[in-house]
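First residue of the sequence shown? That's 0 in numbering that gives the first Met the number 0, and the numbers climb one at a time after it. The C-beta atom is built at its ideal place from N, Cα and C for all residues, glycine as well. Working notes, beginning with the structure itself.
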Amino acid sequence: MTTTADPDVRPDPPEPSADGSLAEFGYRQELHRSLGRYASFAAGFSFISVLTTVFQFFAFGYAFGGPVFFWAWPAVLIGQLLVAACFAELAAQYPISGAIYQWSSRLSNLTFGWFAGWIMVIGQIVVVAAAALALQVVMPAIWSGFQLVGDDPAPTSASGAANAAILGVLLLALTTFVNVIDNRVMSLINRVGVTAEIIGAVLIIVLLLTHSERTPGITFHTGTALESGLFGALLVGSFTAAYVMIGFDSAGEMSEETHNPRRTAPRTILTALASAGLLGGLIILAGLLAAPSLTDGRLGVEGLSYVLTSSLGDGVGRALLVDVVVAIAVATLAIQTSACRMLFSMARDGQLPFSARLAKVNPRTGMPSAPALVVGVLAAALLLLNFASPEAFLAIGTTCIVMLYLAYAMVTGPLLLRRVKGTFTTTGTDETGKPLFSLGRWGIPVNVLALLYGLFMTVNLAWPRAAVYDPAGGHWYFQWFTAIFLLTTLLLGLLYQVVKGQRGHAASDGSPEAVSTQSV
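If you want it as structure tokens, here you go:
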């Protein structure tokens, strides 16, 4: 009897000499190249994790924008698709781990690229912690026994915040373990989790739509949620969509572990974002239509967990919430994996403290173990803030999205300059001999819109709104937290550059425009 090997994860990684896709960049194959198309798609989709983030931030968007916050979703989706299209071109050109850092470095210079990578990895570590906190939104709703501390499960209450930190630390211990043992195990969990999430998302949409209480016309109402009217409701409501639709570049982060990355990664970047965007928008719409009440206050506090258990009954609602827990766990794993690859890529170029240790890959597992431990420990440490001040962590969680948007702009900006100068080309072929993914004559207009959108959203997210960052009042530093945190991150990065001097290198990309290997 013969068996057919799993086409998505191959058990035996190729020898370094058997894969020359990294040789042109001056690197050798160390990570095991074992991921197929669906695994690459899962890397991007699970970082976005529409169930995790929509359930986590639905209440926030509704509380500040009312039903009309739904329309911020398609606007953000279109903007991010423009960014993703630019990233797809770069993934075909530079199939290397540490995508944002590598792309920015090769489009501009190593110093600029280093800061893009630094901002990105700090943001990713905070997102890991924020994703783990999402367990508090759903687990106590499944069973009260998951409320290990106190009796108030609300994430903003003292006991709810403490419980969220405990559940989050337990999840981080699990994801860190998975990120150390083997990339095939990590990929298998990712693929199974993403499949379960997609099935669960479709079921949630169908069941909620069959229990609709009102028509889609309700999405044109702001209600009494925000005093600044329609435009203000959309600006703040866009926070939900902005938080959800990030991380699609993770397919590029995993390029060194993906078969045929020049062909696979560009397509999975776009399909992961598009599919997550479609499912997320439908979940929000279905939730608004099926909510028992739009005015009793519970929708703006408990969010979609309240809608599921109230509209579908405890049994069905809790069963679907179990699927959300799976999605949260897989999302935390995927985000941590992406941050690990960023640390690995920067360390391999000698761009971080303890680079030799961070860049070391276990030849048996094909995984860089040290970055997983660093990300896990730092994310767990951030969760301790939830014990002292839930408001502080909310500010940090929102700030990390600003950092990711800024890091994205630090790629689309230099890319646009290269296009205008005529020094960026998409010529060449992928592993199958077909032309590389290219926007062709649409490259400049798409790039311009992507950059303008990214800068606008960065300012919108960072704007010091007291109602968002300091709802209780009296804490000016919460209101200005984003600016303070970002400035501190930049200053720490600058301090490191000054102290360490000009060290490390970025490998050549084999072109005249390659990053200098002699300056930082």
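Query - Cutoff 7 Å; reference TRP102; Cβ partners in own chain excluding five residues on either side - result: LEU89, TYR93 and VAL410
Report task. Drop a sphere of 10 angstroms on the beta-carbon of ALA164, count the other beta-carbons inside from all chains shown, and report buried for 16 or more, exposed for fewer. Result -> buried
Query raised in the report: Would you report the Cα separation of HIS220 and GLY280, rounded to the nearest angstrom?
Result: 17 Å
Requested in this report: Check whether the region 382 to 401 touches the region 179 to 187, taking contact to mean three or more Cβ pairs, one atom from each stretch, closer than 8 Å.
Outcome: no
Requested in this report: Have a look at ILE77 and LEU415 and give me their C-alpha separation to the nearest angstrom.
Outcome: 19 Å
Report task. State the DSSP-derived secondary structure class of THR175, mapped to helix, strand or coil. Result -> helix
Query raised in the report: Do you know how far the Cα of GLY159 is from the Cα of ARG262?
Result: 45 Å
**Report entry** Cβ neighbour criterion (16 or more within 10 Å) applied to ARG347
**Finding:** buried
Report task. Pull up the DSSP beta-bridge partners for THR428, would you. Result -> PRO434
**Report entry** Three CB pairs or more closer than 8 Å across the region 141 to 152 and the region 369 to 382
**Finding:** no
Requested in this report: On a CA-only basis, which of LEU450, GLY500 and ALA74 is nearest LEU234? Give me that one, please.
Outcome: ALA74
Query raised in the report: So, are the CB atoms of ILE395 and PHE484 less than 8 Å apart?
Result: yes
Requested in this report: For MET366, write down the residues that DSSP places opposite it in a beta bridge.
Outcome: ASN361
Query raised in the report: Contact between the region 126 to 142 and the region 416 to 428: three or more CB pairs below 8 Å?
Result: no
Query - Assumed close pair ILE47, LEU272 - CB separation to whole angstroms, cut-off 8 Å - result: 7 Å
Requested in this report: Taking the CB atoms as reference points, tell me whether ALA128 and GLY302 lie closer together than 8 Å.
Outcome: no
Query raised in the report: Do you know whose CA, among ALA326, TYR26, VAL67 and TRP72, lies nearest SER96's CA?
Result: TYR26
Requested in this report: Could you spell out where the alpha helix (DSSP H) holding VAL533 opens and where it closes?
Outcome: An answer regarding residue 533 cannot be provided, because it is not within the stretch 0 to 519 covered by the chain.
Query raised in the report: Can you name, in chain order, every residue of its own chain whose Cβ lies under 7 Å from the Cβ of ILE334, other than the five neighbours on each side?
Result: PHE46, GLN123, VAL126, VAL127, ALA130 and GLY246
Query - CA-to-CA distance, ARG363 to THR174, given in whole angstroms - result: 19 Å
Requested in this report: For GLN146, name the three-state secondary structure that DSSP assigns.
Outcome: coil
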